[in-house]
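Colleague: Dumping the structure here so I can ask a few things about it.
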Amino acid sequence: MNEIKSVSDYVDYLDTMKETYPMQRYVVPATFFRGQSNKEWKLSPRLYREKLFGQEGTMIKEIVHTNPKEFDMGRFDVLAKLQHFGFPTRLLDVSSNPLVALYFACSDKNEMVNDGAVYIFPNLPASWSDDPLVDLVMDFIFEHTSNSLWLEEFLRVTKSKYSNVTTRLMPDTIESLLWDLNIPAFAVVPKKNNSRLISQEGAFFLFGMQTVSKKSSDNPGTYGREYYSFGPIEMEDHKKLWHVSEKVIIPAKYKKKILKQLDLMGINEQRLFPDIEHQLKYILEKYKNEKNA
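For the sequence shown, counting from 1, position 272 maps to 272 in the UniProt record's numbering; every step adds exactly one.
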């Protein structure tokens, strides 16, 4: 596994990758990058890590109903905003800028003694946030507060709702619906409607789920209906998300050096987090470091 000791090492590695995968940034498919400060961490969204999958729909519904003006927007935008505020969602932050991912692989002060990692996903097919496939997952999240789902009814509503969709093949059988819901994760390019997304050149991986069980109802009112239960997907290997993805390691002893190099290039907390709290924090840290130099 490749180790990165400097920004120049990283750029050289990306140049080598481009010979195999001519990477694109500003079109779809696109290349995405994910930096994590601990190489042992799995690629998993916070909702799944904190085992809150079963409460997802209920939590979001309560938030939207108690803060209607704050969340008067499209459903994917609601998820993106919750992610922005640090609330557990099934989104995982990625960037189209490789230097931004390198920064996040090095910047967590609680993980400075651990090796970091950058995941590279070259030419990954991506959806816009208003794509019908994205909307299908939003239907599951926002319309169903139970993990036990009568898929026949879900499919009927889906076929009616998306009957005029011509941009992609929408599910028309239980099997094809399950296929879409069970996609491990896919990239979504959001509306750039906040300064942090713009600064970080951000996008998201929207995680799917796995079918846990299928059970026929024996209740008198729903007798014979088949209900499917779902659970969070387990992402043990980054190649399960994208088969040509790569992982590079950032040894702990080089993190501070790389952060200094990135700072000279304008990739720092002040640039990536334009809110006043992070601006003040960056300036304070800068003067502390100068004093201790």
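The beta carbon of each residue, even a glycine, is placed where N, CA and C say it ideally should be.
Just to confirm the assignment, what range does the beta strand (DSSP E) spanning Glu149 have?
Modeller: The sequence position of residue 149 within the sequence shown is 149, counting from 1. Looking at the sequence provided, one finds Leu at residue 149 rather than Glu. Per DSSP, Leu149 belongs to the beta strand (DSSP E) from 148-150.
Colleague: Identify which residue in Ile183, Ser129, Glu226 has its Cα closest to the Cα of Ala203.
Modeller: Reading the sequence shown from its first residue, position 203 is the one you call residue 203. Among Ile183, Ser129, Glu226, the Cα nearest to that of Ala203 belongs to Ser129.
Colleague: What number of angstroms, rounded off, separates the C-alpha of Ile4 from the C-alpha of Lys61?
Modeller: Position 4 of the sequence shown, counting from 1, holds the residue named residue 4. Position 61 of the sequence shown, counting from 1, holds the residue named residue 61. Between Ile4 and Lys61, the C-alpha separation is close to 43 Å.
Colleague: Between which two residues does the beta strand (DSSP E) carrying Lys247 extend?
Modeller: Within the sequence shown, residue 247 is the residue found at index 247, counting from 1. Residues 246-250.
Colleague: Report the three-state DSSP secondary structure of Thr173 (helix, strand or coil).
Modeller: Sequence index remark: in the sequence shown, residue 173 carries index 173 (1-based). In the structure shown, Thr173 sits in coil (DSSP, three-state: anything other than H, G, I, E or B).
Colleague: Return the CA-CA distance between Val189 and Val78, expressed in angstroms with no decimal places.
Modeller: Working through the sequence shown from its first residue, we reach residue 189 at position 189. Working through the sequence shown from its first residue, we reach residue 78 at position 78. Straight-line Cα distance between these residues: approximately 14 Å.
Colleague: Straight-line CA distance for Phe273 to Pro68?
Modeller: Indexing the sequence shown from 1 puts residue 273 at position 273. Indexing the sequence shown from 1 puts residue 68 at position 68. So the two alpha carbons sit approximately 26 Å from each other.
Colleague: State buried or exposed for Met73, treating a residue as buried only when at least 16 other CB atoms are found within 10 Å of its CB.
Modeller: Position 73 of the sequence shown, counted from the start, is the residue given in the question as residue 73. Counting Cβ neighbours within 10 Å, Met73 comes out exposed, since fewer than 16 surround it.
Colleague: For the candidate residues Phe85, Glu111, Met209, whose alpha-carbon lies nearest to that of Leu178?
Modeller: Numbered from its first residue, the sequence shown carries residue 178 at position 178. Closest by alpha carbon: Met209.
Colleague: Within 10 angstroms of the Cβ of Lys39, are there 16 or more other Cβ atoms? Answer buried if so, exposed if not.
Modeller: Your numbering for residue 39 matches position 39 in the sequence shown. Classification for Lys39: buried.
Colleague: Have a look at the DSSP bridge pairing and note the partners of Asp93.
Modeller: In the sequence shown, residue 93 corresponds to position 93, counting from 1. Partner(s): Phe204.
Colleague: Applying the 10 Å Cβ sphere with the 16-neighbour rule, what's the burial state of Asn97?
Modeller: Within the sequence shown, residue 97 is the residue found at index 97, counting from 1. The residue in question, Asn97, is buried, as its Cβ has 16 or more Cβ neighbours within 10 Å.
Colleague: In this structure, how does DSSP classify Phe142 when only helix, strand and coil are distinguished?
Modeller: For the purposes of this step, residue 142 is taken as residue 142 along the sequence shown, with counting starting at 1. Three-state DSSP puts Phe142 in a helix.
Colleague: Do you know whose CA, among Lys281, Ile174, Pro220, lies nearest Leu155's CA?
Modeller: Residue mapping note: residue 155 aligns to position 155 of the sequence shown, counting from 1. The residue with the shortest Cα to Cα distance from Leu155 is Ile174.
Colleague: Go ahead and label Ile233 buried or exposed: buried means 16 or more other beta carbons lie within 10 angstroms of its beta carbon, across all protein chains shown.
Modeller: Walking along the sequence shown from the start, residue 233 turns up at place 233. Under this definition Ile233 is a buried residue.
Colleague: According to DSSP, which residues form a beta bridge with Trp128?
Modeller: What you label residue 128 is simply residue 128 of the sequence shown in a count that begins at 1. For Trp128, which the question treats as bridged, DSSP gives the partners Val189.
Colleague: With DSSP as the reference, label Arg225 as helix, strand or coil.
Modeller: Walking along the sequence shown from the start, residue 225 turns up at place 225. Reduced to three states, the DSSP call for Arg225 is coil.
Colleague: Kindly list the residues whose CB is nearer than 6 Å to the CB of Phe71, restricted to its own chain and excluding five residues on each side of it in sequence; keep chain order.
Modeller: Working through the sequence shown from its first residue, we reach residue 71 at position 71. Same-chain partners within the cutoff: Val64, Val78.
Colleague: With DSSP run on the structure shown, which of helix, strand or coil describes Tyr254?
Modeller: As a position in the sequence shown, residue 254 is number 254, starting the count at 1. Residue state, collapsed to three classes: helix.
Colleague: Can we say the region 41-59 touches the region 87-94, given the rule of at least three CB pairs closer than 8 Å?
Modeller: These segments touch.
Colleague: Kindly indicate the opening and closing residues of the alpha helix (DSSP H) around Gln83.
Modeller: Locating residue 83 in the sequence shown gives position 83, counting from the first residue. Per DSSP, Gln83 belongs to the alpha helix (DSSP H) from 75-84.
Colleague: Can you name the start and end residues of the beta strand (DSSP E) that Ser216 belongs to?
Modeller: Residue numbering aside, residue 216 sits at position 216 when the sequence shown is read from its first letter. 209-216 is the extent of the beta strand (DSSP E) around Ser216.
Colleague: Which residue spans inside the region 4-74 form an unbroken alpha helix (DSSP H) run of at least 4?
Modeller: Qualifying alpha helix (DSSP H) stretches, in chain order: 7-20, 46-49, 56-66.
Colleague: Report yes or no: do three or more beta-carbon pairs, one from the region 242-260 and one from the region 112-120, lie closer than 8 Å?
Modeller: At 8 Å Cβ cutoff, the stretches touch.
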